[in-house]
Structures are given as structure tokens and as C-alpha cells.
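Same order as they appear, the protein sequences are chains A and B.
With the numbering used here, letter number 68 in the first sequence gets 68, and the count goes up by one each step, no holes.
Add 138 to a position in the second sequence, counting from 1, and you land on the number used in the numbering used here.
Note that the Cβ used here is the ideal one computed from N, Cα and C, for glycine as well.
Small disclaimer: the values here were computed from a predicted structure and weren't measured.
Here the structure comes first, spelled out in C-alpha cells, and everything after it is commentary.
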Amino acid sequence: MDIYAETILDHYRRPKGKMRLSQPSVSHAETNPACGDELTVDLVIHDGKIVDLGWDGTGCAISQAAMSMLSEEIMGKSEKDLEALAQKDIYAMLGVPIGPRRFKCALLCLHTVKNALRTKRGESKQSWTETVHITEDQ
Amino acid sequence: MDRIRQDIPILKETFDGNPLVYLDNAATTQKPRAVLDAMTRFYETDNANAHRGMHVLAERATIALEDSRRTVQTFLHAAHPEEIVFTKSCTESINLVARGLSQAWIDADAIILSILEHHSNIVPWLQVKEERGCDLLWIDIHDDGTLNMQGFEEVLRHGTVKLVAITAQSNVLGIRPPLKEMIQKAHAAGALVLVDAAQAMAHEKIDVTELDCDFLTFSGHKLYGPTGIGVLYGKRKLLETLPPLLGGGMMIGEVFTDRFTTADVPAKFEGGTQPLAEAVGLDAAIDWLTQFSWDDITKHESLLMKKAYDLLQKIPGLTILCPNPNPNPSPLLSFTIDGVHPHDLTEILGRKGICLRAGHHCTQPLHRRLGIPASTRLSVGIYNTTTELDLLAKELPEAVKRLQ
Chain A
1 MDIYAETILD
11 HYRRPKGKMR
21 LSQPSVSHAE
31 TNPACGDELT
41 VDLVIHDGKI
51 VDLGWDGTGC
61 AISQAAMSML
71 SEEIMGKSEK
81 DLEALAQKDI
91 YAMLGVPIGP
101 RRFKCALLCL
111 HTVKNALRTK
121 RGESKQSWTE
131 TVHITEDQ
Chain B
139 MDRIRQDIPI
149 LKETFDGNPL
159 VYLDNAATTQ
169 KPRAVLDAMT
179 RFYETDNANA
189 HRGMHVLAER
199 ATIALEDSRR
209 TVQTFLHAAH
219 PEEIVFTKSC
229 TESINLVARG
239 LSQAWIDADA
249 IILSILEHHS
259 NIVPWLQVKE
269 ERGCDLLWID
279 IHDDGTLNMQ
289 GFEEVLRHGT
299 VKLVAITAQS
309 NVLGIRPPLK
319 EMIQKAHAAG
329 ALVLVDAAQA
339 MAHEKIDVTE
349 LDCDFLTFSG
359 HKLYGPTGIG
369 VLYGKRKLLE
379 TLPPLLGGGM
389 MIGEVFTDRF
399 TTADVPAKFE
409 GGTQPLAEAV
419 GLDAAIDWLT
429 QFSWDDITKH
439 ESLLMKKAYD
449 LLQKIPGLTI
459 LCPNPNPNPS
469 PLLSFTIDGV
479 HPHDLTEILG
489 RKGICLRAGH
499 HCTQPLHRRL
509 GIPASTRLSV
519 GIYNTTTELD
529 LLAKELPEAV
539 KRLQ
């Protein structure tokens, strides 16, 4: 299947949850320096659960569509659920083959959300090598 | 044209039945058969380490390296072969000058750069700023992309400018700064000039003696030659006092347990085994390119670029960055399209065999100055045709339609 599947392009053209929140529990921004993709995520967290989420960003169709899809996916989930979220879950969510040239575009959303949670807990950020596990099927 | 295209083996490649349309020549050029054959022949018949050993192969390898140096000297119109130093890349050449010159600089000294520069002509100077505390003074551009020469003269008056580092041709806008005028003004102000000729080298005659630049750098792979070889031209007197970047074999005069002396130029800068096959490849590339006259090359590439401007300007939502109204447009241009990210565009075109470059092209300060995160670049070489541009013009609107 093509990475520019209609589902992806639909999220790119009409992104879900793309707006900044006025009073988030935490805001965090990440970039993909190789491409210039940028994402900022606002999370509202109550009792360890994501009760609201907003985001803004610029970049390629893959990076923006992935954030749009992830914002729907994680609403209502617990911080613990998000901790368990991994690269394979993002690939499954996208449902299209992600090649070695585009994996950072696809995983920028995950990287941003993970580091938003770490920032909220006052921990140091995780590096790209922790977010990405390079395997042959990339 | 058919003959030129037949010289380049990779141009026969197809992608899902689509011919290769290679329009990314500013990133690297494709290689003529003559270059590939010369490198293979070197390994098959002449391979040994140059300037080491007395046997017959060592002699052949040494001659091959020094022949290449003389070919580069003639190509650049340099006064002496010792003014040609081999490095691994244009980047290494610039680093060699930055590291060497700055050893004698203090924090009151300044370096002038233009906002058009590639990261390879910015970061080495930022490193100098970090280490020595020197100031970096920037030349801005006008809205049409040309350098603000009044701004250049103002920063020159700073009084303690040691060096002006300037591109011969922007790798994003294609702008060619008025080098000769800038060099004269820099010299009058007591500053040296380094010209980054990486982008210009394959497209126009460069005469270092006429320009009177102090240093000039370029890489082999943008000149139809192999990767892994770069050139630093430097005036002999300056090279003689410049400290070496790499210590090691061949760059020495004498070595003791507590000290060493350096070899004469250019060996002083060529520590370690040199990229010999690559030097042979570069020699062959220059031979191949110089069978054509600069007039013919410029005429052909200008014709292609005029057509590229015409075709791209017809596409709705497409903006060419600082379009160049010059009758001899530079061999590259960059553009943005509303609502379409360059990575998506070039990925979709790439599947049709059309190769364009997307991103910030190692010029983040320039992209920030232009207020855009990324752009798409089209760059032609001697082997491109108007038929290829027609193919691009056909596929580009299809790709845009899909993404918008």
C-alpha cells in the first residue's frame, strides 16, 4: 500500500484536534531537524488520564497526519498506556509501510508525546534512539 | 547531446518503466564512463601508495596523483601546482583554512559571511567564534536575493576583519555574488577572501589568478568526478605559513621523539594516504568536462533554466524563490507550493523517476531569512534535456493535485 493512502491524506488535509489549548497541564515541542517537521502538543491530564489534547505543527503529510491520528488514539488513555506506546503501535495506526527515509516523520508525534510526559514529570528528555528502534522492516 | 548522455551509464536506469530524470545536480552530479574507467584502471594497473617506496607501482601512483594536481592547477588557472591541496571534500578544505588561520586570531578579530552560505561555510566559522571569541559579521540579501553590497562595505569598515568567506553561487537561490568586486574591497580593507566554489565549479570558468582570491574550495563529486576528493586552492605564500590540520605520515619534514617539522606545501596539508583513485577520477572528470567550451555549457544550461522558469511559473500556487531575471540564469532554482510539503512532493515525483531535492539544503540561516521551513530545488547539469523538463511539467501538477 502507498504511504499516501487516502486515510493519511484525509488526516493531512483535515487534521483532528489541531488547536492549541489555553490551560494545558504540559506543553511540549519537538522537531525533526532533517526535514524541518515541527509539532507542539498540549496535554490536559487529570488523575493520570489524558482528558484533553491539542496540537499544532508544520511539516510533511506523514508527520502531520500521524499526529492527527495519534491525537484521536490517545484521548482518555492513561499515562501508563502512553508509556507502553511504541513505534510498532504508530506503524499499525498509520497502516501504511514506512520506509527508512520517512520513519522520523512518522514517529515525531510519538517522540513529542513521550517527551511531553517526561517534561511534566520533570525528567530529562528521551533521545531519538530511545524512540526509534531501527529494524529491517523499516 | 545523445553522445553526452551515452557517456553517463546511470542515465539508462528506469524506475517502474519511467526514465531517470535527474535534476539534483547541485547535490551531486552523475559520473561519465571515462571517470569510472579511469578509477578502475588505476586499481587494476597502477595501484600503490604515492610518494612512498621506490618500486614501479609506487612511481606510477605518484605520477597519477601529481598529474591530477597539475590538471586541477590548469583548470583553476593557478600559478603553481603546489597551490593545489587535495582533501576529502569541500567541507574539509574550508575547515583546513578555518582551523589554520584562526590559530593566530584573537577575540577582537572578525569574519564576514553572507546569509547565502551553505552550512559547510558557516559552521567552521562558528567553531572559530566559539574557540577564539571572534565576531561573525553577516551580509544580508535584498528581496531579489542579491547581496546587500552596501551592508558588505559597512561590515568591512568594522576594522578588524581578517577574512571574508563567500559562496561563488548560492546552492538555493543560484545567486552569484560579484566576487571580483568583493575581493578587491576586502583586500583594500586588509582582509583575506575564501571563495566556496562548490556550486559554481561545473558551470562557469573559474580563474583564481584573475579573481585574486586567497583561497578557493570545491569538491570533485559536484564536477562529474568521484566523492571522497576535495580541493583547496591557496596562494602559495599563505599556504606556506598556514598550520596543517592533520598530523601524520607524509606531512612531515623530520620527526623526533619530542618534536617535528612540517613538509613543504602542499604535502604539509596531505597527512595520511591520499584518495589516489579519486584524484585520478577527478583528473578524468576535468578532462571530460573541458572537452566542451564554457560558452556551450552556459548556453545549454541557460536554455534549460529558462524553460524551467517558464514551466514552473505556470503552476498555480508555486512560488519561485527570488526568481532570477538574468539572461543567463544560474543552473538551479528553488520553489515552494502552497499546502504541499517539499518532502511529500519529491517522494511522489521520485516514484516517477524524477529526482529533485527537498528540505533546507544545509542553509537553515537562509531559509529562516526567507521565512520558510523548507523548499524544493531543481538543478541541471550538462546532460539534462528539455524533454526531461517536459516530463517534470507533466508530473508535477499531478503530484500537487494529490497532496492539496
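Check your understanding: Which class does L470/B belong to by DSSP, given the choice of helix, strand or coil?
Key -> Translated into the one-based positions of the second sequence, residue 470/B becomes position 332. Reduced to three states, the DSSP call for L470/B is strand.
**Study point:** Minimum length 3: unbroken beta strand (DSSP E) runs contained in the region 183-230 of chain B
**Key:** 222-225
Point to revise | Sheet register partners of E355/B (DSSP bridge) | key: Counted from its first residue, the second sequence places residue 355/B at position 217. Before going further, note that residue 355/B is Thr rather than Glu in the sequence given. Partner(s): D334/B and L370/B.
Review point. Does any residue of chain A bring its CB to less than 8 angstroms from the CB of H341/B?
Key: Your numbering for residue 341/B matches position 203 in the second sequence. No - not a single Cβ of chain A is within 8 angstroms of the one on H341/B.
Review point. How many angstroms separate the CA atom of F407/B from the CA atom of G372/B?
Key: As a first step, residue 407/B must be located in the second sequence, where it is residue number 269. As a first step, residue 372/B must be located in the second sequence, where it is residue number 234. Distance between the alpha carbons of F407/B and G372/B is about 11 angstroms.
**Study point:** Partner residues on chain A for G409/B, Cβ-Cβ distance less than 9 angstroms
**Key:** Counting from 1 along the second sequence, the entry for residue 409/B is found at position 271. Residues of chain A passing the Cβ test: none, with the nearest at roughly 32 angstroms.
Point to revise | Helix, strand or coil at K49/A according to DSSP, with G and I counted as helix | key: For the purposes of this step, residue 49/A is identified with residue 49 of the first sequence, where counting begins at 1. Of the three classes helix, strand and coil, the one that applies to K49/A here is strand, per DSSP.
Review point. Taking only beta-carbon atoms, is P511/B less than 8 angstroms away from chain A?
Key: Sequence index remark: in the second sequence, residue 511/B carries index 373 (1-based). Yes, P511/B counts as interfacial toward chain A.
Practice item. Check whether the region 286-299 of chain B touches the region 457-472 of chain B, taking contact to mean three or more Cβ pairs, one atom from each stretch, closer than 8 angstroms. Key: no
Check your understanding: Buried or exposed: F224/B, going by 16 or more other Cβ atoms within 10 Å of its Cβ?
Key -> Reading the second sequence from its first residue, position 86 is the one you call residue 224/B. Counting Cβ neighbours within 10 Å, F224/B comes out buried, since at least 16 surround it.
Exercise for review: Specify whether the region 173-191 of chain B and the region 414-432 of chain B touch according to this definition: at least 3 beta carbon pairs, one from each stretch, less than 8 angstroms apart.
Suggested key: yes
Practice item. Leaving out five residues on either side along the sequence, give the residues of the same chain with a beta carbon under 8 angstroms from the beta carbon of G328/B. Key: Against the second sequence, residue 328/B aligns to sequence position 190. Only V299 meet the Cβ criterion.
Exercise for review: Please confirm if D482/B has its CB atom under 8 angstroms from at least one CB of chain A.
Suggested key: As a position in the second sequence, residue 482/B is number 344, starting the count at 1. For D482/B, the answer is yes, since a Cβ of chain A falls inside 8 angstroms of its Cβ.
Check your understanding: Is the shortest distance between the beta-carbon of R495/B and the beta-carbons of chain A less than 8 angstroms?
Key -> The count along the second sequence starts at 1 and reaches residue 495/B at position 357. Judged by the 8 angstroms Cβ criterion, R495/B is not in contact with chain A.
Point to revise | Chain-ordered neighbours of A61/A on chain B, where CB pairs are closer than 7 angstroms | key: The count along the first sequence starts at 1 and reaches residue 61/A at position 61. Residues of chain B passing the Cβ test: H479, D482 and L541.
Point to revise | Cα-Cα separation between L161/B and I244/B, rounded to whole angstroms | key: The residue labelled residue 161/B in the question sits at position 23 within the second sequence. The residue labelled residue 244/B in the question sits at position 106 within the second sequence. Their Cα atoms are separated by approximately 44 angstroms.
Exercise for review: Give the C-beta separation of K114/A and T131/A to the nearest angstrom, bearing in mind that I take them to be a contact with Cβ-Cβ under 8 angstroms.
Suggested key: Position 114 of the first sequence, counted from the first residue, corresponds to residue 114/A. Position 131 of the first sequence, counted from the first residue, corresponds to residue 131/A. Their Cβ separation, rounded to whole angstroms, is 6 angstroms, which keeps K114/A and T131/A in contact under 8 angstroms.
Check your understanding: For H498/B, which option in P480/B, I492/B and R540/B has the closest C-alpha, if you only look at C-alpha atoms?
Key -> On the second sequence, residue 498/B is found 360 positions in, with the first residue counted as 1. It is P480/B.
Exercise for review: Using a Cβ-Cβ cut-off of 8 angstroms, state whether I486/B counts as contacting chain A.
Suggested key: In the second sequence, the residue the question calls residue 486/B occupies position 348. At least one chain A Cβ lies under 8 angstroms of I486/B.
Check your understanding: So what's R20/A in DSSP terms, helix, strand or just coil?
Key -> As a first step, residue 20/A must be located in the first sequence, where it is residue number 20. Looking at R20/A - three-state DSSP - the assignment turns out to be coil, as it is neither helix nor strand.
Point to revise | CB contact check: T40/A to chain B, cutoff 8 angstroms | key: The residue labelled residue 40/A in the question sits at position 40 within the first sequence. So no, T40/A is outside the interface.
Review point. Taking a cut of 7 angstroms between CB atoms, which residues from the region 423-446 of chain B lie near chain A?
Key: none
**Study point:** DSSP bridge partner residues for L274/B (one or two, in chain order)
**Key:** As a working note, residue 274/B is residue 136 in the second sequence. Answer by DSSP bridge pairing, in chain order: I249/B.
Exercise for review: Answer yes or no: does any C-beta atom of chain A fall closer than 8 angstroms to that of H256/B?
Suggested key: Start at 1 with the first residue of the second sequence, and residue 256/B comes out as number 118. So no, H256/B is outside the interface.
**Study point:** Unbroken alpha helix (DSSP H) run spanning N32/A, endpoints
**Key:** In the first sequence, the residue the question calls residue 32/A occupies position 32. From DSSP, N32/A is part of no alpha helix (DSSP H) but of the beta strand (DSSP E) over V26 to N32.
Exercise for review: Please check if any C-beta of chain A sits within less than 8 angstroms of the C-beta of H499/B.
Suggested key: Here residue 499/B refers to the residue found at position 361 of the second sequence. Judged by the 8 angstroms Cβ criterion, H499/B is not in contact with chain A.
Exercise for review: My understanding is that G151/A touches T40/A, with C-beta atoms under 8 angstroms, so please give their C-beta distance in whole angstroms.
Suggested key: Outside the shown range of chain A, which is 1 to 138, sits residue 151/A, and nothing can be said about it.
**Study point:** Sufficient close CB pairs (3 or more, under 8 angstroms) joining the region 506-521 of chain B to the region 440-459 of chain B
**Key:** yes
Check your understanding: Based on the DSSP output, what are the partners of N156/B in its beta bridges?
Key -> Taking the first residue of the second sequence as position 1, residue 156/B is located at position 18. Looking at the DSSP assignment, N156/B forms a beta bridge with F153/B.
Review point. Under the DSSP definition of a beta bridge, which residues are partnered with V478/B?
Key: Taking the second sequence and counting its residues from 1, the one referred to as residue 478/B is at position 340. Per DSSP, I475/B.
Exercise for review: Kindly indicate if chain B contains any beta-carbon less than 8 angstroms away from that of E36/A.
Suggested key: Taking the first sequence and counting its residues from 1, the one referred to as residue 36/A is at position 36. With the sequence shown as reference, residue 36/A is identified as Gly, and Glu is not the correct amino acid for it. Yes, because at least one Cβ of chain B sits closer than 8 angstroms to the Cβ of G36/A.
Practice item. Indicate the three-state DSSP secondary structure (helix, strand or coil) for R495/B in the structure shown. Key: Your numbering for residue 495/B matches position 357 in the second sequence. DSSP places R495/B in strand when its eight states are reduced to three.
Check your understanding: Quick one: does K16/A have its CB under 8 angstroms from some CB of chain B?
Key -> Here residue 16/A is taken as the residue at index 16 of the first sequence, counted from 1. So, not an interface residue.
Review point. The alpha helix (DSSP H) spanning G391/B covers which residue range?
Key: Within the second sequence, residue 391/B is the residue found at index 253, counting from 1. Unbroken run through G391/B is the beta strand (DSSP E), I390 to V393; no alpha helix (DSSP H).
Practice item. Specify, as a first and last residue, the run of the beta strand (DSSP E) that T112/A falls within. Key: Position 112 of the first sequence, counted from the first residue, corresponds to residue 112/A. Taken as a continuous stretch (DSSP letters only), T112/A belongs to no beta strand (DSSP E), being part of the alpha helix (DSSP H) at F103 to K120.
**Study point:** Environment of W432/B [buried if 16+ CB atoms lie within 10 Å]
**Key:** Residue numbering aside, residue 432/B sits at position 294 when the second sequence is read from its first letter. The residue in question, W432/B, is exposed, as its Cβ has fewer than 16 Cβ neighbours within 10 Å.
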